[in-house]
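Numbering (the numbering used here) for the sequence shown: 1 to 649. The block underneath contains the structure these notes are about, expressed in structure tokens.
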Amino acid sequence: MNYAADSHVCLDRIMANTDLSMLTKKDAALFTRRVNAHFGDLFDKYTTIYGHQFDCYFHLQQLINVLRDGVKNRKPALKKLDNLRLKSPNWYKDENQVGMALYVDLAGPTLKDLHTRIPYYKALGITYLHLMPLYDSPKGDSDGGYAVSDYRKVNPSLGTISELESLAIALQKEGINLVLDFVFNHTSDEHHWAKEALAGNKQFQNYYYLFNDRTVPDQFEHTLREIFPQVRRGSFTFNEHMQKWVWTTFNSFQWDLNYSNPEVFNAITGEMLFLANIGCAALRLDALAFIWKEMGTDCENQDKAHLLIQAFNTCLQIVAPAVVFKSEAIVHPDEVVKYIGKNECQLSYNPLLMALLWNSLATRKTRLLTRSMQKSFSISDECTWVNYVRCHDDIGWTFDDNIANELGINPQDHRFFLNQFFTGRFEGSFANGVPFAENPSNGDCRVCGSLASLCGLEGALDTNDQQGIEDAINRMLLMYGITFSIGGIPLLYSSDELAKLNDYDYLNDPSKRHDDRWVNRIAVTQEDTELALSEPSSQLTAEQDASLQVFRGLQNMLAIRRNNPIFGASRTTILDTDNQHCFAYVRENDSGEKLLAICNFSEQTQRTSSDLLGTLGNKNSTDLLTGNSLNNDEPIISLAPFQQLWLKQ
């Protein structure tokens, strides 16, 4: 095939050989129109990656068939949603968008049970529900569900695909978007493709990276980093049955997919469209930084990884344009932003903000947070951050070493301090965290723990320290208050809203005790939700009282956010302050509205110059959180310990 030929000529040939008879006339016209609109982009990406292969044209033809089948299987209600979202493509920037991420078994415990939780989510203000991996996976250790054995089958302990579709419909009726995981870097070794490879099927052995000896793996290992060194050294696992080495970046039971094979791209596109047609509004791209392997590199954030994601995105535009991608790139801040774009990932987790909020809690200083956000917070107006405080994973300190050095901070020493502080090994620490993936070679680790335990509530309750309890509550509200107001979709991690403490029961489960992340994967019971929605009572334990204070504090802030458009599509500017304990930013929208946020990360009252108020103009301002007015002529702004101000003109 002549790859320099006009893509329209190629498309004409492909469409001439594409059977559309199984589509209705309306769907055939829709499919043809969208393919014509997007094929040029798809052709460019696909041939850049696979054009050197003799059978590229054949695989491109097969991909068009996959897309046709995706349109055929998309329900009328979802096609209607496609049209609505195409008319309002930046729906995710609205001030009412608030997410929650959860494991079904820790919140349901089944998909059917989640129907009864919808009133609870609505009462809190949730409009976006991210169900962590719920697909069929190996019994026992499955990396928290991220070892997928069948993308088209729900883990039987949670329910069925039809029950997931029913939940998607129920959520949509209540104005809640469903978000699912797209685990596309690897499958479990129990997936159909892996089983075929184990049986000696050469076609499916080419779906993975398999090697007869250590020659090539050893060449790769020179430049690869270890992800879980406490579990397994290196990135390859020897399979006794096949007598081959398998590329397994994360765990020995998770086989990396070989995206240099176009058949893999086509096959995983079919799985992606199946998930999209369940009725989700967004797909979280798991481990997206690892999907392309290149000898002599660390095999992370490669150029062709971006091309692959862009090609997947184009496939969605043809079949399910209502669905957007959410990037999960826990990598250097300069690499994170490269995945964010209208043609790649419209949403992106903000790991830098998350990590540096915790840094500011530990140090009581905001200079690294301020300088980093001034450099990295601004992204395309067509995209938005997903701002979070905690997630199902560990906390890694992925700040920019260059910025740290500019501020006189030794990056390596500072990461060591943060690990010591949040695991309670640093004298005076308020945190009860657990080290994760501690490297026996250099002592490096990451940190696990619930929001409440890392903020000091666990320790304060143990010692009946009333001031400590109050400080812990205020830390939690401060952390989430910033994610609610700084710009983007705030994402709560289930159990944070109730200030649940670390769950150490995982140590008694042989399939979990090696993975300390389970300490912050905490069940929310029906009793918990009933308590949150109940009338105030004096018959509460100290832990229950703290839980209610956090829930109602978050609920109040979200109500304020929902009722003020300034928290929606607005520009954010990170400001310098004259007090190293304070963090400030201003929001401004196209209607001329402005909001100034000032936050105190210290246990002490802090004062800062009222010059910050100049960003709002000469008018007096009102704190949306308290209703109090501020006179812009006052020379000093005073903030109580852990106080935040949301000042509006």
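Note that beta-carbon positions come from the ideal geometry of N, C-alpha and C, so glycine has one too. Remember, predicted model here, so these are calculated numbers, not experimental data.
If you look at K93, you'll find it isn't in any beta strand (DSSP E); DSSP assigns it neither H nor E.
Within a 10 Å sphere around the beta-carbon of V9 sit fewer than 16 other beta-carbons, which makes this residue exposed.
Shown here, G70 sits in a helix according to DSSP, grouped into three states. C-alpha of G99 to C-alpha of Y259: approximately 31 Å in a straight line. T366 counts as buried, since at least 16 other C-beta atoms from the protein chains shown sit within 10 angstroms of its C-beta. Close CB contacts of R607 within its chain, under the 6 Å cut and outside five residues either way in sequence, are with I636, S638 (chain order). Excluding residues up to 5 positions away in sequence, N212 lie with their Cβ nearer than 8 Å to the Cβ of Q243 in the same chain.
DSSP, reduced to helix, strand and coil, places G99 within a strand of the structure shown. A straight line joining the alpha-carbon of T423 with that of G70 spans about 48 Å. Following the DSSP letters along the chain, one finds D256 inside the beta strand (DSSP E) bounded by residues 254 to 256.
Residue range 186 to 188 is occupied by the beta strand (DSSP E) that includes S188. Bridge partners of W358 according to DSSP: none are assigned. With a beta-carbon spacing of about 6 Å, Y103 and R521 fall inside the 8 Å limit used to define contacts.
With contacts defined as CB atoms closer than 8 Å, D496 and R390 qualify as a contacting pair.
Sequence-distant Cβ neighbours of G270 in its own chain, meaning closer than 8 Å and more than five residues away, are V66, D69, G70. Residue range 606 to 609 is occupied by the beta strand (DSSP E) that includes Q606. In the structure shown, the three-state DSSP call for W193 is helix.
Non-local C-beta neighbours of N620 in its own chain, meaning closer than 7 Å and more than five positions away in sequence, comprise S629, L630, N631, N632, ordered along the chain.
Pairing N36 with K75, the inter-Cα distance amounts to about 22 Å. As the crow flies, the alpha-carbon of G296 is around 49 Å from that of P565. Per DSSP, T269 is one residue of the alpha helix (DSSP H) stretching across 262 to 276. The region 341 to 352 and the region 377 to 389 touch, with no fewer than 3 CB-CB distances between them shorter than 8 Å. Just measuring C-alpha positions, the residue of H241, L224, E294, N239 sitting nearest R233 is L224. Within the DSSP secondary-structure output, N589 pairs in no beta bridge. Residue state for Y207 is assigned as coil, using DSSP reduced to three classes. The Cβ-Cβ distance between S429 and L501 does not fall below 8 Å. Excluding residues up to 5 positions away in sequence, K72 lie with their Cβ nearer than 7 Å to the Cβ of M22 in the same chain. Linking G40 to C315 through their CA atoms gives a straight-line distance of about 12 Å. Under the DSSP assignment, C315 falls in the alpha helix (DSSP H) whose first and last residues are 303 to 319. Per the C-alpha coordinates, the member of L369, D393, F484, G468 positioned closest to A404 is L369.
With fewer than 16 other CB atoms across the displayed protein chains lying within 10 angstroms of its CB, K122 is exposed.
Across the structure, R33 and R214 are spaced so that their CA atoms are roughly 49 Å apart. For Y121, the enclosing alpha helix (DSSP H) stretches over residues 111 to 124.
In this chain, the alpha helix (DSSP H) harbouring C10 covers 7 to 16.
Shown here, Q643 sits in coil according to DSSP, grouped into three states, outside any helix or strand.
Restricting attention to alpha helix (DSSP H) runs no shorter than 4 residues, the region 512 to 564 encloses them at 526 to 533, 542 to 562, ordered along the chain.
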